[in-house]
Structures are given as C-alpha cells and as structure tokens.
Amino acid sequence: MSTPKPKVAHPSLPRNSLGLTRRDYEGGMSTLCAGCGHDSITAAIVEACWGLSLEPHRLVKLSGIGCSSKTTAYFVGEAHGFNGVHGRMASVATGANAANRELTYIGVSGDGDSLSIGLGQLAHAMRRNLNMLYLIENNGVYGLTKGQFSASADVGTKSKKGDANTQPPVDPALLALSLGAGFVARGFSGDKPQLVPLIRAGLSHPGFALIDVLSPCVTFNDHEGSTKSYAFTREHYHPAVEADFHSGAAADFIAPAESISVDYREGEEVVVPLHDGSHVHLKKLDPGFDTSDRAAAYAYIAAKLKEGQYVTGLLHADPAAGGDLHAANRTSATPLNRLPFERLSPGAAKLASLMARYR
Amino acid sequence: MEPTDTGEPDYYHRVVDCQWACPAHTDVPEYIRLIAQGRFTDAYMVNRESNVFPGILGRVCDRPCEPACRRGRVEEKPVAICRLKRVAADHRDDIAGLLPKAPAQRNGKRIACIGAGPASLTVANDLVPLGYAVTVYEQYGLTGGLMRTNIPAFRLPADVLDDEIGQIIGMGAELKLNAPVKSLKALLGGGAYDAVFVGSGAPKGKELDVPGRNESNRVHLGIDWLHAVAFGHVQSIGARVLIIGVGNTAMDCCRSSLRLGAQNVKVMARKSREFFKASEWELEDAESEGVEILVNHSPQAIVTADGKVTGMLFKVLEYDLADGRIVAERTVGERLIPCDDVILAIGQENAFPWIERDLGVEFDRWHVPKVDPVTFQSTRAGVFFGGDAAFGPKNIIWAVEHGHQAAISIHRHCQGLPVTERPARGVTLASRKMGIREWSYKNDYNPVERRLVPHVALAERFKKLKIEVELGFNPEQTALEVQRCLNCDIQTVFTAPLCIECDACIDICPVDCLTMTANGTEAEISGRLKAPRRDLTSPLYVSAALKQTGRVMVKDEDLCVHCGLCAERCPTAAWDMQKSTVSIPHATSDETPCQKQATRKSA
Ligand SMILES: Cc1cc2nc3c(=O)[nH]c(=O)nc-3n(C[C@H](O)[C@H](O)[C@H](O)COP(=O)(O)OP(=O)(O)OC[C@H]3O[C@@H](n4cnc5c(N)ncnc54)[C@H](O)[C@@H]3O)c2cc1C
Ligand SMILES: Cc1ncc(C[n+]2csc(CCOP(=O)(O)OP(=O)(O)O)c2C)c(N)n1
Ligand code: SF4
Ligand code: SF4
Ligand code: SF4
Ligand SMILES: [Mg+2]
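Listed in order, the protein sequences are those of chains B and D. Just so you know, we're using my numbering here: the first sequence kicks off at 19 and counts up by one. Just so you know, we're using my numbering here: the second sequence kicks off at 658 and counts up by one.
So this is what it looks like as structure tokens:
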C-alpha cells in the first residue's frame, strides 16, 4: 500500500507572492521505485515553480511514455497535463503552443522517449524554437520496460546482468547545441542547489530550453560498472556554474552576463554576491569559455566527455537564438479558447468557398 | 558535530513525547495501538505496569502527557490520551488472573506505609509480589486518600476506586483502617519494620488572613469542606457561594456547591485567566455548569452579621503585563459581593505533627521534610517519603511515580544495597518493515480532529451528588481518536553506511525535518536546515559522514510526525521504522530491567 503524503506541513513554510507554499505545488503521490532520481527532479520542479510564483492553472505539463514521463502526475496537481504516446510529446507541445501561446509549457521526457523513439520529434521542436522547457530525465536505460540500454548509454557501461554497451551514445546537450537551441543546460538529480535555479531559468527562457538531467535509475542502473549510477555520477560530474553544493545554500539563477563578468583565475572558486545578499560559488571553466558562444561550449563539453566528465550547469544561453514558431505559422495571438465561435468555425458557406478554390 | 549516540537509553525515549512527559513514563502509543486492535485488557495491563491506576487516572489525571503530545504540534489539539486510558479500563475483562500475588514464602521483611493514598498503595503494589509484608496504616475508615476524600464522586466514582485499590490489597497487603499513626517514634521503636514509607499527603488547607475570617462557621477551608461533603457530614450550602482561589480545588468546590443546592456560585480570582492554576478542562466543565469566574478581585474582608456571612469585600485590580509577566498592579476600585458562604481554596501544605523531631528525620525551616529527589529517602536511613508528603501537593501520577522510586529504594535498602545506585533504563528496537511499502503498523496520517467526550445532560447532573458527569468515548469516537496517535514510538532509525544520498527521504518528508549537509557546528548546521528549528532544546540527530560526499544526515526530531515516508521512500532501508520499547525499571526480584512484558505480543 502506498501511503499518501499527509497534508501536514512545517508551520513556518514560506509563501510566494501568490500566497502559496511549496506544498501547494505538489501533485499525486509518486509510484516510482523508492530512490529514483526522477522523484528528486520532481521535487526540484516543485521548488522552481513555487519560487517563480507560477500560477498553477497557467502551467501545461506534457510527457510521453516512461518512468520519467509518469512524473508529470507528481507535480503541480492543478496544472493542465497531457500524457502523450511514446516519443510524441513534442508534437502535442507544438499543437498546444500553437493554440495558446500565453501559457508556460514544461515537457518531461526520458532518454528513451526523447533520444530513441522520439529523437525526430525532439529535433524539430528545437528547430522550431518551441517556447517550452524540455527536461530529459536521463538514466541511460528504459526504466519502465525493465532496464534495456537506451540511446544515451555510454560505450562500455554495464547492464545489470553484466553486458557491456557497444553503441555510441547520443548526448542531448551536444545535440541541442548543434540544432540551435537557445538554452542548453545539464544538471544532476542529486544536486538541487544547482538544478532548481536551472529549472527556474529554463522556465523563464523565451524559446526552447533543454535541460538534460542525469537521474540514476536506482533499480536497473545503479550498480558497479554503470556510468549512470549515483556513485559514478557524483565522481564524474563537472559543474560549470556550480552553486555551493556542500553548504546547500539556496542559490538563485545567475544570468550568464553576470557570471562571466566575474574576474577569476583558472581553477579557482569564486564567490558571486546575489542581489538579495546571498551568494553562489562558481567553478571556473577553461579560459575564454563563454556561455553565449555556442561553438566553444560544444567543443568544451565534447572534450570533457572524452575525459569521462559530464559538464553540468548552464552551458549555453542566447535569448535571441532561434526562429519564431508563431510568426512562421501565423498562429493566432489570442488563445483559441478565447476566440468567438464564429471565428473558430466560420461556417458551411466559408467552407464551401474554400473548397471551391480546389475544384 | 559528533554523530548522535542513539544507543543512549533516553535518546529514543525523548522522542516519545507523551511517555517522556508522563511522570511514570506510561507507554502511551503502545496502549493506544492495543485499544485500536480491541485489546482492552492488554491496553489496561500496559497502563497498570507504570501508572497502577488506569481507571482512576483515565478520569482524573492531570495529563502532563497531553500538552507534550506531538499531535499538538501539527494541529491545535493533542490526542485525548487520558480519555483513551479510561476506554481501556471500562472495557477490559477481569484481570484478577493477570495480577501478581504475594509469594507463599514471604521474604521476612516488614514495611509500614503510612496513609492509604496512591503513593503508599504503589509501594505496596510493587513490594508485595516480591515477598514483603506490607502494612498500610490509614487514619480514616476508607482507602484512597485525597482521591476519595477530596476528588468528588461526580468526577471519580467510588466503585472505580474500590476496584483498583482492591487489586492491590488483594495481592496480599495488610490494611489497617481507622489506624492513625500518632508517633513515628513508637512505630520505629519496636524495630518491627525494616523500612517505613510516609505517604500521608499534604492535608492542611492554607488559611486566608482577612478580617471576619473567624466570625462565622459559614467560612470553610476548601479541602476540609470537600472531605466533609465526601463523608456526608455536609449536605447543603447557602444559595450564594463565593469560592476564593482558582485552582483545581476551587473547581471541585464550586461544582460540588451546585450539587448541594447553591443557586449562584462565583469563583473569585486575583489575577487574569492566563495565570489560573486550574486545568483548562476543569474550567470548561465548571463554566458550562453555570459557575461565574470573576478576575482581578483581591479579597479584603469577610462581612458578617450575627455569625452569618452577608458578603465579601474585594479590591478590584488592574495589571500591566510584559512578556506574559505582571510588571505593575493598581487598585481601580472596591466591590462588595453579597453571599451566604465563603470557601477558601488557595492551597495546601504538609503537616507532620506525629513525627518527632529527634528521630534523625530532618525538616527545613518551612517544616518540609528533607527528602532526596532520586531515592526518596529522608535524612534517616530506612525512612522514605513520597507523594504530596515529600515535596508538597502535586497530583496522583506523581504520587505513583514517587511510590515506584521509593519501592526500588526500599527493596535495595532491605538487601543492604546502596539506595543511590539505581537500576538503568533501557531501550530495545525492532523493525516494523514487512515488505515494499508495507509496515506492520498503520502509518496513515488521519486528519480527524480531537473527539469530544459526551457528558450527562446538565439538568440530570444536579439531581444527585454522585452522578458521574463524563460518559467516556463511544466506540465510534474511540475508533477515530486512536487513529490520531502518530505512533511516536515507531522510530526513524538511520544507518549511515547504507545511504546512497538519493535525496528521496529529503524530498518526501512532509514537514521538512531532514537535511543532508556538510558537517559543522550546531549553529552552522542549524542555519542550513531545510526548515528552521522551533525548539532549540530538542536535540538534532546527526549521522556519521555519508559515503559518497562526506555530508551528514541531519534530523530535527522535534518536527517529525512519524509518517514513515522517509523509510518507505528509501531504496536501501538506510531509514527504517523501528518500534522502540523503553524499559522503565521498577522494583523487581532481580536487578536487570527489560524483563517485563515477556508474555504479551506488542502492538
Ligand atoms: C480538591 C482536590 C482535587 C484534586 N484533583 C486531582 C485530580 O483531578 N487529579 C490529580 O491527579 N490529582 C488531584 N488532586 C491531588 C491528588 O489527590 C493528590 O496529589 C494525591 O492524592 C496525593 O497522594 P498521596 O498518596 O501523596 O496522599 P493522599 O492522597 O493525600 O493520601 C494520604 C493518606 O494518608 C492518610 N494519613 C495522613 N496522615 C496519616 C497518619 N498519621 N496516619 C495514618 N494515615 C494518615 C490520609 O488520611 C490519606 O488517606 C486533587 C487534590 C485536591 C485537594
Ligand atoms: C510505441 C511504443 N514503443 C515501445 C514502448 C515500450 N516502452 C515503454 S517505456 C519505454 C522506454 C522508456 O525509457 P525512458 O524514456 O528512458 O524512460 P525511463 O523509464 O527510463 O524514465 C519503452 C521502450 C511503448 N510504450 N510504446
Ligand atoms: S525503474 Fe528505474 S527509472 Fe523507473 S522508477 Fe524505478 S528507478 Fe526510476
Ligand atoms: S517519519 Fe520520516 S518522512 Fe515522516 S515526518 Fe518523520 S522524518 Fe519526515
Ligand atoms: S532515501 Fe535512503 S538512501 Fe536516499 S538519501 Fe535518504 S536515507 Fe539515503
Ligand atoms: Mg530512461
């Protein structure tokens, strides 16, 4: 029996500008395996939505199929939601976006859902610069179907039974950089001080934002020999814009312009004061690294991957990047649900005249 | 911080707030689960082990456990712990076969207990089964002490007293009624007793020194008057009654007055409500019966004419408060309140006219005996005090605890062992995990509010003096109330080497009482907790360094609601829910604790 999370809360739970607490942004009780990284990401999404004071009814949650895709049921219970078919979340998101550009869209998918069956969908969503946050909960396996290697499994990583993977992985961050995404980041489910600000930033980015979140599958991919286990990820993840992990200090998202304006020397940790008086520790990237330079970011990440390091943090941000889906398709600026019935359905006479053009 | 030593016997005990707050450390969550399972007799026996008088205490205990109850931190009202105790007592089967008896072969030691109140009776309860010949001397013709002579029968019926006191006498104690001890010297002199326990209470009502006090026999001392009512010597009172004082004795005086024919009863308080000594529930009961409580009235004089009381004069006061304390007071007027009787209920004192001062039993300058707060021994070896006689008026449950501790001392004294060495408390833990998301106890959080105990209708209550007002919970209420208990004795136990730092427990905890963070000083860690601490006196749990990052797991025990979700969500059982059983040592035939409850299956 799964116990519902009781509605009791800490008496001094803070409220956001809407008067809501973090608990008001929760959804149903998770049915994932205990210890799944995806649940931690859910908690980070809850925290980020609360922190942005998003109105729950103005959020749209979209997903495909997989353990990761199930998680949209576990946050912001009062938001809109659509659980699509496997690998087809991007199409649903495109349609929804075309129908109503005023809402905030968050898509949650898995490495199987997005990099195997749904790779074509993901690529075109990026190409169109769909205004959404697209979050890949990346565990290197198909968790829901019992742990087969996915397209993100590294060469040489071992399955639970001991077989090694031989096919090269698709790296979502490199993919996004090459397809022109305007916001590319990588996080880790076990590092919320970094992940929460990334999600807040991704939700705020005007255009397509991709966050690849390393999210260990505790049941099928957390053993020795796996390159996506908790232990391996902790040893090999390389924070680029690192919030102070050890103190767990609540950090806000730092705009890229601010982060590179700090003067630091190679290999140094730098303390950046925030507007509210708190601060964030940043780990310096290679000299000359510039988060607005797509090519440099690509080269850096690829080089680090070769060394077996996953670079995390904000990797590339360019608010001006990409096309405009709405301009290209001349979508309605007014959400369809607010158009008068006559405009949505012009009637039989209009249809007849339209058809006449093709006769 | 250093890793917390949870092996220390008080660590997990403290978490069980009610049990920790109970002077006798009654295992509350265990008996509530037993009630939930319909095992009323078992629930009664768990109670009896520590508090000896579950039926009595289930009605009139001062309930220090309830303000401590964890439920009161997440909701306004605590679990109705006391009323559930009564449910167990009312619905149990005959327990005669479950009680220990004096062994056929006595141990040859003789103990005298002075007074048949709860303190002495507890000493008898603990020592008779060990083979001691215990003689209880009582000056009156009835047992129970203040429980019978002062607590009115409409709160505590005589048959409940008879039954539970009878259990103890029935074990094989010798009871001498109408046998006042007039000289301790004489009692000790013959060498007939190996130890003496003084449980004679605090029988003297405090006087009020105002003009007119001694000019009429219609001015009464509260505890003497209640005594006279209990024994039937007083059967009526005037129409208008003033009670001076606002403690629990005052509450019993005003409600008894109503039952003896008073029409208008006023309780006169010197200060405002936040300073009242009476329990909230007693105030509520009195007010619901129509008693008026007047605040800020300071008694000046009793006005009499021809030996009759006609009224009482008060100064009306005003206070300035700062931080809940009075910083200044002013007289703003004077008021004469007409009345026919005045009852003084402003406190009690000890009195030991029968203890000679040359016996080596020393008293301080307020005539209070010098008693060791741990051993309960006086300055004369072999003479012990307990209950109200030891440190002044307290309540029944403290009297019981004093009795238990004195019994341990007496047992050691009679074996020639030092009384200052006490048997240790202990804790055992046993996992409650049955499978994935499967626990052998119910950890659903039930949001129901505290149930209200049904009362006899107002009109019925006053017909007879001894109609018990509270009816006890009905089955539906019981079923809901037991589910309000958070099972604080099902502990969250952490095993640091198992943790893979997946965050699942941190994310699920509804009250944010878990944090993984770098180690540091207590102040540093406190500043980094996911939710702020509310009670800085409640200790933080800090684990050993975790494997992957070297951080520590920190838990604020004060906030935890024992929902078990951390353990349910933990992939490695690093968090586990384990039932703790605290063993509270009593006088036993051998000195090792933990041998109680050998036969009963725990709930
Ligand atoms: C009006 C009133 C209401 C109360 N209500 C509550 C309540 O609701 N809940 C609660 O927990 N507590 C209540 N109390 C307090 C509680 O009754 C006492 O704290 C408790 O009974 C003390 O127990 P004891 O064994 O120390 O002494 P007592 O109960 O006072 O018993 C002492 C006994 O010793 C006998 N005795 C005294 N001297 C001698 C002698 N020389 N020789 C032989 N016998 C002697 C006395 O006759 C008496 O029977 C109340 C007290 C009062 C006055
Ligand atoms: C069209 C289709 N093909 C195959 C499946 C079977 N299937 C269900 S989930 C899944 C993979 C999910 O992997 P991923 O997206 O990584 O999610 P995870 O469970 O690892 O979070 C597959 C292949 C399906 N549901 N539908
Ligand atoms: S199978 Fe893996 S991915 Fe799915 S819920 Fe379990 S741990 Fe998470
Ligand atoms: S039992 Fe665990 S999850 Fe529940 S309140 Fe306590 S620490 Fe939090
Ligand atoms: S759920 Fe268990 S393994 Fe995960 S962080 Fe908590 S204690 Fe550690
Ligand atoms: Mg996957």
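Heads up, the beta-carbon is just placed ideally off N, CA and C, and yes, glycines get one too. Owing to the predicted nature of the structure, the values given are computational and were not obtained by experimental measurement.
Any idea what DSSP makes of residue i, helix, strand or coil?
i	result
Pro1026 of chain D	strand
Lys1258 of chain D	coil
Tyr1098 of chain D	coil
Lys302 of chain B	Any reading at Lys302 of chain B must be qualified, since the residue scores a pLDDT of 41, below 50, and its modelled position is unreliable; the value itself is stated next. Three-state DSSP puts Lys302 of chain B in coil, outside helix and strand.
Gln824 of chain D	helix
Tyr794 of chain D	strand
Ser35 of chain B	coil
Asp189 of chain B	coil
Thr90 of chain B	helix
Thr163 of chain B	coil
Gly638 of chain D	No answer is possible for residue 638 of chain D: it lies beyond the span of chain D, which begins at 658 and ends at 1260.
Met107 of chain B	helix
Lys324 of chain B	helix
Thr112 of chain B	helix
Asn101 of chain B	strand
Glu242 of chain B	coil
Val1084 of chain D	strand
Glu687 of chain D	helix
Gly266 of chain B	Reliability fails at Gly266 of chain B, whose pLDDT of 34 lies under 50, so the model's placement of it is uncertain and the value that follows must be treated cautiously. Here Gly266 of chain B sits in coil by DSSP.
Thr961 of chain D	strand
Met144 of chain B	helix
Pro814 of chain D	coil
Leu221 of chain B	helix
Pro353 of chain B	coil
Identify the contact partners of residue i in chain D, using a Cβ-Cβ distance below 9 Å as the criterion.
i	result
Val103 of chain B	Within 9 Å Cβ-Cβ: nothing; Val103 of chain B doesn't reach chain D, min ~29 Å.
Ser58 of chain B	Cys1159, Asp1160, Ala1161, Ile1163 and Asp1164
Ala91 of chain B	Those within 9 Å of Ala91 of chain B in chain D number zero; the least Cβ separation is about 16 Å.
Can you pull the chain B neighbours of residue i, defined as C-beta to C-beta under 9 Å?
i	result
Pro1228 of chain D	Cys51, Ala52, Gly53, Cys54, Val236, Thr237 and Asp240
Pro1075 of chain D	Correct list: empty, because the minimum Cβ distance to chain B is about 48 Å.
Cys1220 of chain D	Thr21, Lys23, Pro24 and Val26
Which residues does DSSP list as the beta-bridge partners of residue i?
i	result
Phe201 of chain B	B:Ala227 and B:Ala335
Glu975 of chain D	D:Arg987
His1219 of chain D	Note: His1219 of chain D sits in no beta bridge, so no partner.
Cys726 of chain D	Per DSSP, none; premise fails for Cys726 of chain D.
His954 of chain D	D:Val973
Trp1232 of chain D	D:Phe1151
His877 of chain D	D:Ile1000
Lys839 of chain D	Answer by DSSP bridge pairing: none, since Lys839 of chain D is not bridged.
His1263 of chain D	Since the first and last residues shown for chain D are 658 and 1260, residue 1263 of chain D lies out of range.
Applying a beta-carbon distance threshold of less than 8 Å, which residues of chain D neighbour residue i?
i	result
Ser30 of chain B	Ala1188, Pro1189 and Arg1191
Output, in chain order, the set of chain B residues within a Cβ distance shorter than 7 Å of residue i.
i	result
Cys675 of chain D	Near Cys675 of chain D there are no residues of chain B at all, since even the closest Cβ is about 18 Å away, more than 7 Å.
Leu1216 of chain D	His28
Since residue i meets chain D, which of its residues come closer than 7 Å, beta carbon to beta carbon?
i	result
Tyr376 of chain B	Those do not exist, as Tyr376 of chain B stays about 57 Å from chain D at its closest Cβ, beyond 7 Å.
Ala380 of chain B	Nothing in the structure corresponds to residue 380 of chain B, since chain B is present only between 19 and 377.
Residues of chain B with CB closer than 8 Å to the CB of residue i, please, in chain order.
i	result
Leu787 of chain D	Per Cβ cutoff of 8 Å: no residues; Leu787 of chain D is ~46 Å from chain B at best.
Jot down the residue ranges of each uninterrupted alpha helix (DSSP H) in the region 1153 to 1188 of chain D, minimum 4 residues, whole runs only, in chain order.
Listed in chain order, the complete alpha helix (DSSP H) runs (minimum 4 residues) inside the region 1153 to 1188 of chain D are 1161 to 1165 and 1179 to 1184.
By the 8 Å beta-carbon criterion, what residues does the region 1098 to 1111 of chain D contribute toward chain B?
From the region 1098 to 1111 of chain D, only Asn1100, Asp1101, Tyr1102 and Pro1104 have a Cβ closer than 8 Å to chain B.
If the cut-off is 9 Å on Cβ atoms, which residues from the region 1196 to 1210 of chain D count as contacting chain B, listed in chain order?
Going along the region 1196 to 1210 of chain D in chain order, one finds Lys1204, Gln1205, Thr1206, Gly1207 and Arg1208 with a Cβ nearer than 9 Å to chain B.
Members of the region 1141 to 1170 of chain D that neighbour chain B once the beta carbon cut-off is set at 7 Å:
From the region 1141 to 1170 of chain D, only Ile1157, Glu1158, Cys1159, Asp1160, Ala1161, Asp1164, Ile1165, Pro1167, Val1168 and Asp1169 have a Cβ closer than 7 Å to chain B.
Going along the region 1063 to 1097 of chain D in order, which residues come within less than 8 Å of chain B, judged by CB to CB distance?
Under the 8 Å Cβ criterion, the region 1063 to 1097 of chain D contributes Ile1093, Arg1094 and Glu1095.
Contained alpha helix (DSSP H) runs [length at least 4] in the region 990 to 1057 of chain D, N- to C-terminal order
Complete alpha helix (DSSP H) runs here, min 4: 1045 to 1048.
According to a CB-to-CB cut-off of less than 8 Å, which residues of the region 242 to 259 of chain B neighbour chain D?
Against chain D - using a Cβ distance shorter than 8 Å - the residues of the region 242 to 259 of chain B are Tyr248, Ala249 and Arg252.
Pull out every residue of the region 203 to 225 of chain B whose Cβ sits closer than 8 Å to any Cβ of chain D, in chain order.
Of all residues in the region 203 to 225 of chain B, only Ser207, Gly208 and Lys210 come within less than 8 Å of chain D when Cβ atoms are compared, listed by chain position.
Could you please tell me which residues of the region 724 to 749 of chain D, in chain order, have their CB closer than 9 Å to any CB of chain B?
From the region 724 to 749 of chain D, only Arg730, Val731 and Glu732 have a Cβ closer than 9 Å to chain B.
Interface positions of the region 324 to 349 of chain B facing chain D (Cβ-Cβ less than 9 Å), listed along the chain
Those residues of the region 324 to 349 of chain B that come within reach of chain D (Cβ to Cβ, closer than 9 Å) do not exist; the list is empty.
List, from N- to C-terminal side, the alpha helix (DSSP H) runs of 4 residues or more that fit wholly inside the region 880 to 963 of chain D.
Within the region 880 to 963 of chain D, the alpha helix (DSSP H) runs of at least 4 residues that lie entirely inside it are, in chain order, 905 to 916 and 937 to 945.
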